[in-house]
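The listed protein sequences derive, respectively, from chains A and B. Take the first sequence: its letters are residues 1 to 286, numbered as in our numbering. Take the second sequence: its letters are residues 287 to 663, numbered as in our numbering.
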Amino acid sequence: MSESMKYFREQRLPHIWCPGCGHGTVTGALVRAIARLNLDRSNVVVVSGIGCSSRAPGYLDFDTLHTTHGRALAFATGVKHSRPNLKVIVMTGDGDCTAIGGNHFIHAARRNIDITTIVMNNNIYGMTSGQFSPMTPKGMIGTTAPYGNSERSFDLANLAIAAGATYVARATAYHATLLEDLIEKALLNKGFSVVEAVTQCPTYLGRRNKLGTAVDMLNWFKESAVNIKAAKAMAPEKLEGKFMIGELYNKPDSEFTADYDQLVAQLQRKFDNFQGGVRECAQNSD
Amino acid sequence: MTNVKLMQGNEACTLGALTAGMDFYAGYPITPSTEVAEMCAVELPKTGGRFIQMEDEIGSIAAIIGAALTGRKAMTATSGPGFSLMQENIGYAALTEVPIVIINVQRVGPSTGMPTSPAQSDVMQARWGTHGDHPVVVLAPGNVKECFDLTIKAFNISEEYRVPVIVLTDEVIGHMREKVVLPDPASVKIVNRSKPETRTGYKPYEADPDGGVPLMASFGEGYRYHVTGLFHDETGFPSNKGENAAASIKRLMRKVEKAEPDIRDYFTENTDDCDVLVVAFGSSAMSSLSAVRQARAKGVKAGLFRPKTIWPFPETVLDELSKRVKRIIVAEMNMGQLVLEIQRIVACRAPVESLTKVNGELFRPEEVLEAIMGGKR
Ligand SMILES: Cc1ncc(C[n+]2csc(CCOP(=O)(O)OP(=O)(O)O)c2C)c(N)n1
Ligand code: SF4
């Protein structure tokens with residue numbers, strides 16, 4: 001643990017999360033994965049949006065950017081495109097990422113820009129006290145779904161894969177070691193990586209849906225999650241009501257900022273006598 | 287060596303930005319601003335600058351804020367609908383004090399409006415579009431050369447004071463072509479943000495409460511600091527204390543108020559002895575200038591005051607002028623926006639008349655002349 005402690009801003013602790021909240025577990029897994037890779041603290045930028053989950057970067061000793069609701073990936077795109085040498089990590093919630101930020105999410109995936117996105121999915125809007133999100137399962141109670149959520153929910157991993165992400169994985173706060181392994185692999189992928197970390201919000205999702213304590217919720221994850229490797233050998237009826245965890249997709253592809261660098265190198269060879277300053281305007285031929 | 291070129295306003299803005307050192311552009315296409323994005327896409331990669339077409343304008347402004355935090359000079363360009371989408375993050379840049387430049391080539395609104403016709407109806411939105419009290423600087427070029435000059439100035443102001451700066455042009459200024467004598471780049475004054483010299487004891491938001499500007503470290507340089515749109519104290523971390531928020535808001539507003547005498551910019555013609563003062567900016571000022579000259583030829587003592595900084599408005603200058611004139615006419619292509627600020631400044635020292643036009647056409651000089659001659663429209 002001491003190796004990973006250097007990545008925390010200890011003076012900012014204790015955190016603001018409720019007792020039993022899973023966001024701390026996910027943050028811990030991220031930090032341990034970073035520690036395993038021994039990333040240079042000064043070379044990492046962590047970006048978040050708005051939500052309980054998005055408060056995590058404030059506790060981490062990197063350059064950290066707490067942005068506006070849903071926009072973390074767009075800010076992060078600016079950071080990464082500016083300085084491709086930086087390791088850019090986004091910490092976001094299910095609401096932040098898939099509702100208000102859904103457009104940025106699919107486009108970051110499409111570009112395959114080298115950003116590692118940790119989606120802390122508690123299936124609810126925690127910070128605003130329990131409204132349903134695009135990832136709240138049908139039938140569950142939220143303050144704005146008092147009779148049970150009547151909307152269908154996203155499958156985040158499939159969404160990411162379809163949009164072009166090159167590394168996609170899922171684990172839960174119960175499977176913290178697996179989560180750490182997956183985040184480590186995600187960090188190593190040069191491209192857009194998504195790790196969905198299923199986590200518990202006992203305060204709002206748990207209480208309203210009578211899911212019991214944080215421990216009961218973790219047990220619920222334990223029972224409902226099936227490792228994708230094990231699932232291959234299981235009969236379809238056994239998989240009903242379960243969700244997959246593990247590495248769901250891993251297919252590296254050309255990365256956005258690297259491609260751009262290549263373009264720059266090509267053009268600079270063509271224009272290498274240019275000294276800077278005001279240059280010819282391409283559209284000024286008339 | 288003189289460098290004379292025929293170019294349109296949008297190109298001049300882009301060239302100005304490149305001259306100022308802009309090396310990051312993010313945008314989403316929208317008429318009548320698109321040429322700016324197109325030219326950035328051509329030019330930036332040639333010099334190692336970064337261009338990206340984002341998925342929307344919210345993403346565009348987010349990306350330039352992220353870029354500016356890594357030390358880049360970043361810009362976006364848009365028009366009405368896109369400018370509306372950017373508002374939340376303009377407030378973010380104002381509160382987090384990240385220097386960015388936004389070119390808003392105005393078209394007729396609200397909504398999709400008339401995409402290819404000019405208007406000046408974003409005057410109030412440019413100042414107050416995002417929620418909360420916040421600082422912002424708005425510059426309004428009146429011709430193509432000024433698009434070049436004022437975009438450089440926009441970067442300089444944003445870097446020096448760490449504020450978002452909006453260059454407010456319109457469809458006519460953006461698309462009209464004029465001959466521009468470009469200065470030798472070496473002779474252009476370029477301002478870069480002040481950066482801390484040492485990491486020890488760096489407090490990212492430490493500044494003189496009386497409008498001071500904090501030193502800005504870049505991400506990736508080892509400072510490892512926190513940036514948030516929550517109210518924060520000088521360490522950059524969130525603080526819920528009311529007195530801290532009040533002090534922050536006051537410092538941010540005071541920053542621009544204090545800068546006003548230095549950034550103030552305007553043009554006057556025949557104001558020394560005028561009875562009728564026309565106040566107009568941007569393309570409305572072109573017809574107004576012609577009208578003022580025609581009025582003089584008819585023996586009417588008319589003058590023009592054309593602000594180039596419209597927020598903050600060059601208040602003391604107009605205040606002085608208003609004591610000497612009999613009437614003030616404010617000509618603008620909207621239902622009367624800047625006139626409200628002018629009425630506030632002039633108070634009751636001279637009658638202020640509003641001359642408006644919202645059909646997507648420029649004022650004809652005769653229309654302004656008619657107002658000068660007393661035939662109120
Ligand atoms: C533009 C905007 N709309 C709404 C909000 C209010 N808001 C803050 S956090 C949040 C939901 C966060 O949910 P999620 O991303 O799932 O994170 P959690 O709090 O559950 O970790 C909302 C709706 C906001 N801050 N900004
Ligand atoms: S409200 Fe839910 S998500 Fe937010 S801190 Fe509490 S338990 Fe965690």
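Every residue, glycine too, gets a C-beta built ideally from N, C-alpha and C.
For residue 591/B, no alpha helix (DSSP H) segment is defined; the enclosing uninterrupted segment is the beta strand (DSSP E) at 588–593. Here the distance from the Cβ of residue 202/A to the nearest heavy atom of ligand 2 is below 7 Å.
With a minimum length of 4 residues, the unbroken runs of alpha helix (DSSP H) contained wholly in the region 595–658 of chain B fall at 601–608, 624–632 and 651–658. In the three-state reduction of the DSSP assignment, residue 465/B falls in the strand class. At a cut-off of 8 Å between beta carbons, residue 314/B makes no contact with chain A. A Cβ-Cβ distance of about 30 Å is found for the pair residue 459/B and residue 71/A, leaving them out of contact under the 8 Å criterion.
Not flagged as an interface residue toward chain B: residue 143/A, since no C-beta distance is shorter than 8 Å. In the DSSP assignment, residue 392/B falls within the unbroken beta strand (DSSP E) covering 386–394.
Leaving aside the five residues that flank residue 184/A on each side, the residues in its chain whose CB is nearer than 8 Å to its CB run, in chain order, 33, 36 and 37. Remark: the shortest separation between the CB of residue 23/A and any heavy atom of ligand 2 falls under 7 Å. Interface annotation, residue 341/B: in contact with chain A, CB-CB separation under 8 Å. Under DSSP, residue 69/A shares a beta bridge with no residue.
With a threshold of 8 Å between beta carbons, residue 23/A makes no contact with chain B.
Proximity of chain B to residue 129/A at the Cβ level (cut-off 9 Å) is not reached, the minimal Cβ distance being about 18 Å. Contact annotation: in the region 364–393 of chain B, residues whose CB is within less than 8 Å of a CB in chain A are 374, 375 and 378.
Interface criterion met: the Cβ of residue 61/A is under 8 Å from a Cβ in chain B. Nearest Cα to residue 23/A within the set 47/A, 44/A, 51/A and 40/A: 51/A. Closer than 7 Å to some heavy atom of ligand 1: that does not describe the Cβ of residue 388/B.
Scanning chain B for C-beta atoms nearer than 9 Å to the C-beta of residue 53/A yields nothing, as the closest lies near 15 Å away. Proximity of chain B to residue 103/A at the Cβ level (cut-off 9 Å) is accounted for by 341, 342, 344 and 345, in chain order. Short of 8 Å from the beta carbon of residue 307/B, and not among the five residues preceding or following it, lie these beta carbons of its own chain, in chain order: 359, 441, 476 and 478. Less than 8 Å divides the Cβ of residue 503/B from the Cβ of residue 511/B. Against chain B, the CB of residue 260/A has a partner CB under 8 Å away; the residue lies at that interface.
Chain-order list of chain A residues neighbouring residue 523/B: 12 and 58, by C-beta distance under 8 Å.
Following the DSSP letters along the chain, one finds residue 536/B inside the alpha helix (DSSP H) bounded by residues 528–549. For the region 501–512 of chain B, the set of positions with a beta-carbon nearer than 8 Å to some beta-carbon of chain A reads 505, 506, 507, 508, 509, 510, 511 and 512 in chain order.
Not one heavy atom of ligand 2 falls within 7 Å of the beta-carbon of residue 293/B. Residue 240/A is classed as exposed because its beta carbon has fewer than 16 other beta carbons within 10 Å across all chains shown. Ligand 2 has no heavy atom closer than 7 Å to the beta-carbon of residue 28/A. When Cβ pairs closer than 8 Å are counted between the two stretches, the region 72–92 of chain A is seen to touch the region 105–124 of chain A, the count reaching three or more.
Residue 310/B has a beta carbon lying within less than 8 Å of a beta carbon in chain A.
Counting along the chain, residue 480/B sits inside no alpha helix (DSSP H), nor does DSSP assign it H or E at all. Neighbourhood of residue 68/A in chain B, by CB distance below 7 Å: 374, 375, 378 and 515, in chain order.
Under a criterion of Cβ atoms nearer than 7 Å, the residues of chain A adjacent to residue 331/B are, in order, 263, 264 and 267. Rounded to the nearest whole angstrom, the C-alpha separation of residue 391/B and residue 457/B is 6 Å.
The region 632–641 of chain B makes no contact with the region 549–562 of chain B, as fewer than three CB pairs between them are under 8 Å.
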